[in-house]
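These notes concern the structure reproduced below.
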Amino acid sequence: MSMGAKGTLERLPHTPLEDLFENPPDLGDFDAPLDLEELEEALAEEEAAEAPAAPPATDAVRRYLQEIGSYPLLSLEEEVELARLIQRGQEAAKEIAALLNLSEEKVGLTALARVLERPYPEGEAIEKAIRAHPQAKRLYQEVRLGERARVDMVNANLRLVVSVAKGFMRRSDGLDFLDLIQEGNRGLVRATYSFDWRKRYKFSTYATWWIRQFIGRAIADQGRIIRLPVHFHEAYRKLRAAYAQLEMEKGRTPTPEELAAALGGDWTPSRVWETQRLGQELYSLDAKVGEDEEDTLGRFLADETLPSPEEVAMRRVMVETLERAIDALGERQAILLRMRMGLLDGREYTLEEVGRYLGVTRERVRQLEKKALRTLRYFILRDKGMQEFLH
1 MSMGAKGTLE
11 RLPHTPLEDL
21 FENPPDLGDF
31 DAPLDLEELE
41 EALAEEEAAE
51 APAAPPATDA
61 VRRYLQEIGS
71 YPLLSLEEEV
81 ELARLIQRGQ
91 EAAKEIAALL
101 NLSEEKVGLT
111 ALARVLERPY
121 PEGEAIEKAI
131 RAHPQAKRLY
141 QEVRLGERAR
151 VDMVNANLRL
161 VVSVAKGFMR
171 RSDGLDFLDL
181 IQEGNRGLVR
191 ATYSFDWRKR
201 YKFSTYATWW
211 IRQFIGRAIA
221 DQGRIIRLPV
231 HFHEAYRKLR
241 AAYAQLEMEK
251 GRTPTPEELA
261 AALGGDWTPS
271 RVWETQRLGQ
281 ELYSLDAKVG
291 EDEEDTLGRF
301 LADETLPSPE
311 EVAMRRVMVE
321 TLERAIDALG
331 ERQAILLRMR
341 MGLLDGREYT
351 LEEVGRYLGV
361 TRERVRQLEK
371 KALRTLRYFI
381 LRDKGMQEFL
391 H
């Protein structure tokens, strides 16, 4: 077994073997590229849109780059041979699954665990079933050859992921460089599953598309608190580019109508406005502000769940007026209203509870309360302090 086969997963940080090689994330609205011309045009447009930023030279990044630099690049003939083995291995896994009523993914994962010398408990039972079936046993050797070829293909293209990830540094929305590489590696692995070696173009061209999609999906999913569709981020990127171009040409802020005209297609002023609204960034309340960065943004934002000073003053006046009016009632009526309004201990008592306390029926409490409220209203309306407040 090659060193590449043994060491790949150590260079794909924090990703379970199952997730990385057999369960790539749901691609949602991603469409696989159809031909080489479309691929090259899309990649050229991306590269021209933004110059890559220099990645941070941390110790972890240096170590990673040193490790992946040890893998030799592949010629076109070598790529074709590896891709052919991968495809044949996938076909063999399907045949085994049909023969033994097993999961195709688990057959491939079992072989990959063997190639990488990794424990895979469930794989022992699968291998036992395969060994007991002569045809499946023969096919399984092809599956293992395919998985070894997949590992070698991935290792040889890890530097490609680093190169693509650099282009996302300026718009990574908080994801660090190794995070971008991690997601790009997942896209690289995904590309090995659908690369068609018969079309005779380089694997790197095809894989770049998948690497970009996975990195873009990660930025969309992880970089924002509120998740937005991946296609929205592409639309927002185009809108920002058009905005910057028009602002430079006109020397002022472009209108939605001008932006829609510049973008063309199905862009309308209302779509421009909605895209701008949804694309606004969120800010942490703990973000430092000010020249000395001693204050946080949250200190300058009002808490809308708290009452305003005016509301507090109004409530205080009303409670004081209510207490004065209740004090003017008879003792029994005062106790009844204070219990019903929660002015004793903050709890609003039921009619039955008040009735038990006063020794009367529930209906009698209702009658007494109605009468007390009429009297209370009379006292409140006569209170000079309340009249001044209301006016």
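Residue numbers (full-length UniProt numbering): 1 to 391. Positions of the beta carbon are idealized from the N, C-alpha and C atoms, including for glycine. Treat the numbers as computed from the prediction; the structure is a model and nothing was measured.
Worksheet item: Between Gly184 and Ile86, what straight-line distance do the alpha-carbon atoms span, to the nearest angstrom?
Response: On the sequence shown, residue 184 is found 184 positions in, with the first residue counted as 1. On the sequence shown, residue 86 is found 86 positions in, with the first residue counted as 1. Near 20 Å, if we compare the C-alpha coordinates of Ile86 and Gly184.
Worksheet entry | Through-space distance from Glu369 to Arg347, alpha-carbon basis | Position 347 of the sequence shown holds residue 347. Position 369 of the sequence shown holds residue 369. When rounded, the distance between both Cα atoms is 17 Å.
Item to complete: Please name the residue, chosen from Val161, Glu105 and Val354, that lies closest to residue 393 on a Cα-to-Cα basis.
Response: Outside the displayed range of the chain (1 to 391) lies residue 393, so it cannot be described from this structure.
Worksheet entry | Between the CA atoms of Val272 and Ala325 - distance to the nearest angstrom | Locating residue 325 in the sequence shown gives position 325, counting from the first residue. Locating residue 272 in the sequence shown gives position 272, counting from the first residue. Cα-Cα distance, rounded: 59 Å.
Worksheet item: Residue range of the alpha helix (DSSP H) that Thr361 falls in?
Response: Position 361 of the sequence shown, counted from the first residue, corresponds to residue 361. Note, Thr361: premise wrong, no alpha helix (DSSP H); not H, not E.
Worksheet item: Near Asp327, which residues of its chain fall below 8 Å by C-beta distance, leaving aside the five closest residues on each side in sequence?
Response: Residue 327 sits at position 327 when you count from the first residue of the sequence shown. Within the same chain, Asp327 has close Cβ partners Ala334.
Fill in: 6 Å Cβ shell around Leu74 - same chain, five flanking residues per side excluded
Indexing the sequence shown from 1 puts residue 74 at position 74. If the five residues before and after Leu74 are omitted, its C-beta is found closer than 6 Å to the C-beta atoms of Ala156, all from its own chain and listed in chain order.
Worksheet entry | the region 159 to 168 touching the region 138 to 151, judged by at least three CB pairs closer than 8 Å | no
Worksheet item: By a C-beta neighbour count over all protein chains shown, 10 Å radius and 16 as the cutoff for buried, is Arg374 buried or exposed?
Response: As a first step, residue 374 must be located in the sequence shown, where it is residue number 374. Exposed, because fewer than 16 other Cβ atoms sit within 10 Å of the Cβ of Arg374.
Worksheet item: Within this structure, are the beta carbons of Phe203 and Met153 separated by less than 9 Å?
Response: Here residue 203 refers to the residue found at position 203 when the sequence shown is read from its first residue. Here residue 153 refers to the residue found at position 153 when the sequence shown is read from its first residue. Result yes, Cβ atoms of Phe203 and Met153 sit closer than 9 Å.
Discussion item. Suppose you measure from the CA of Gly264 to the CA of Lys238; what does that come to, to the nearest Å?
Written reply: Translated into the one-based positions of the sequence shown, residue 264 becomes position 264. Translated into the one-based positions of the sequence shown, residue 238 becomes position 238. Whole-angstrom Cα-Cα distance: 11 Å.
Worksheet item: For Val317, which option in Arg240, Ile380 and Thr268 has the closest C-alpha, if you only look at C-alpha atoms?
Response: Locating residue 317 in the sequence shown gives position 317, where the first residue counts as 1. Per the Cα distances, Ile380.
Discussion item. Between the alpha carbons of Tyr206 and Ala165, how many angstroms are there, rounded?
Written reply: Here the question's residue 206 lines up with position 206 in the sequence shown. Here the question's residue 165 lines up with position 165 in the sequence shown. Distance between the alpha carbons of Tyr206 and Ala165: 16 Å.
Worksheet item: What are the boundary residues of the alpha helix (DSSP H) that Ser163 is part of?
Response: Position 163 of the sequence shown, counted from the first residue, corresponds to residue 163. That run of the alpha helix (DSSP H) goes Leu158 to Lys166.
Discussion item. Give me, in chain order, the residues of the same chain whose beta-carbon lies closer than 6 Å to that of Arg150; leave out the 5 immediate sequence neighbours on both sides.
Written reply: In the sequence shown, the residue the question calls residue 150 occupies position 150. Correct list, in chain order: Ile86 and Thr192.
Fill in: Cα-Cα separation, Leu12 to Thr255
Along the sequence shown, one-based indexing puts residue 12 at 12. Along the sequence shown, one-based indexing puts residue 255 at 255. Note that Leu12 has pLDDT 41, beneath the 50 cutoff, so the model's placement of it is unreliable and no number is given.
Discussion item. Using a 10 Å radius around the Cβ and a threshold of 16 neighbouring Cβ atoms, would you call Gly251 buried or exposed?
Written reply: Stepping through the sequence shown from its first residue, residue 251 is reached at position 251. Exposed: under 16 other Cβ atoms inside 10 Å.
Worksheet item: Is it buried or exposed for Ala372, if we count other Cβ within 10 angstroms and need 16 for buried?
Response: In the sequence shown, counting from the first residue as 1, residue 372 sits at position 372. It is buried - the Cβ of Ala372 has at least 16 other Cβ atoms within 10 Å.
Item to complete: Evaluate contact between the region 63 to 71 and the region 123 to 143, counting only Cβ atoms and requiring at least three cross-stretch pairs below 8 Å.
Response: no
Worksheet item: Thinking C-beta only, is Arg186 closer than 9 Å to Ile219?
Response: As a first step, residue 219 must be located in the sequence shown, where it is residue number 219. As a first step, residue 186 must be located in the sequence shown, where it is residue number 186. For Ile219 and Arg186, no; Cβs fall outside 9 Å.
Fill in: Under the three-state DSSP convention, the category Phe195 falls into
Residue mapping note: residue 195 aligns to position 195 of the sequence shown, counting from 1. Looking at Phe195 - three-state DSSP - the assignment turns out to be coil, as it is neither helix nor strand.
Discussion item. Are the CB atoms of Ala260 and Thr253 within a distance shorter than 9 Å?
Written reply: Residue 253 sits at position 253 when you count from the first residue of the sequence shown. Residue 260 sits at position 260 when you count from the first residue of the sequence shown. In this structure, Ala260 does not lie closer than 9 Å to Thr253 by Cβ.
Item to complete: With a cut-off of 8 Å on the beta carbons, I'd call Ile130 and Ile181 a contact; round off their distance for me.
Response: In the sequence shown, residue 130 corresponds to position 130, counting from 1. In the sequence shown, residue 181 corresponds to position 181, counting from 1. Their Cβ separation, rounded to whole angstroms, is 35 Å, which puts Ile130 and Ile181 out of contact at 8 Å.
Discussion item. Less than 8 Å between C-beta atoms, sequence neighbours within five positions excluded: which residues of the same chain meet that for Arg362?
Written reply: Taking the first residue of the sequence shown as position 1, residue 362 is located at position 362. Once the five neighbours on either side are set aside, the close Cβ partners of Arg362 are Leu351, Glu352 and Gly355.
Practice prompt. Assign Trp267 to one of three DSSP states: helix, strand, or coil.
Written response: Here residue 267 is taken as the residue at index 267 of the sequence shown, counted from 1. Looking at Trp267 - three-state DSSP - the assignment turns out to be coil, as it is neither helix nor strand.
Fill in: Where Tyr140 falls: helix, strand or coil (DSSP)
In the sequence shown, the residue the question calls residue 140 occupies position 140. Reduced to three states, the DSSP call for Tyr140 is helix.
Worksheet item: Among Leu100, Gly108 and Trp210, which residue has its Cα nearest to the Cα of Pro134?
Response: Sequence index remark: in the sequence shown, residue 134 carries index 134 (1-based). When only C-alpha atoms are compared, the closest one is Leu100.
Worksheet item: Near Pro72, which residues of its chain fall below 8 Å by C-beta distance, leaving aside the five closest residues on each side in sequence?
Response: On the sequence shown, residue 72 is found 72 positions in, with the first residue counted as 1. These residues qualify, in order along the chain: Ala156.
Item to complete: Rank Asp196, Phe195 and Arg190 by C-alpha distance to the C-alpha of Gln213 and give the top, closest one.
Response: Your numbering for residue 213 matches position 213 in the sequence shown. Here the closest residue by C-alpha is Arg190.
Discussion item. Spatial neighbours of Gly89 within its chain, please: C-beta separation below 8 Å, excluding the five flanking residues on both sides.
Written reply: Along the sequence shown, one-based indexing puts residue 89 at 89. Cβ within range, chain order: Gly108, Ala111, Glu142, Val143, Arg144, Leu145, Gly146, Glu147, Ala149 and Arg150.
Discussion item. Could you give the first and the last residue of the continuous alpha helix (DSSP H) run that contains Leu65?
Written reply: As a position in the sequence shown, residue 65 is number 65, starting the count at 1. Unbroken alpha helix (DSSP H) run through Leu65: Asp59 to Ile68.
Discussion item. Using the three-state DSSP reduction, which class does Arg356 fall into: helix, strand or coil?
Written reply: Locating residue 356 in the sequence shown gives position 356, counting from the first residue. In the structure shown, Arg356 falls within a helical segment according to DSSP collapsed to helix, strand and coil.
Worksheet entry | Supposed contact pair Leu246 and Ala262 - C-beta distance, whole angstroms, cut 8 Å | Residue mapping note: residue 262 aligns to position 262 of the sequence shown, counting from 1. Residue mapping note: residue 246 aligns to position 246 of the sequence shown, counting from 1. With 8 Å as the limit, Ala262 and Leu246 qualify as a contact, their Cβ atoms being about 6 Å apart.
Fill in: Buried or exposed (CB count within 10 angstroms, at least 16 for buried), Met340
For this step, residue 340 is matched to residue 340 along the sequence shown. It should be noted that the sequence gives Arg, not Met, for residue 340. By the Cβ-count criterion, Arg340 is buried, with 16 or more other Cβ atoms from all chains shown falling within 10 Å of its own Cβ.
Worksheet item: Secondary structure at Leu381, three-state DSSP: helix, strand or coil?
Response: Position 381 of the sequence shown, counted from the first residue, corresponds to residue 381. It is helical.
Item to complete: Tell me whether Tyr349 is buried or exposed, calling it buried when 16 or more other Cβ atoms sit within 10 Å of its Cβ.
Response: Taking the first residue of the sequence shown as 1, we reach residue 349 at position 349. So Tyr349 ends up on the buried side.
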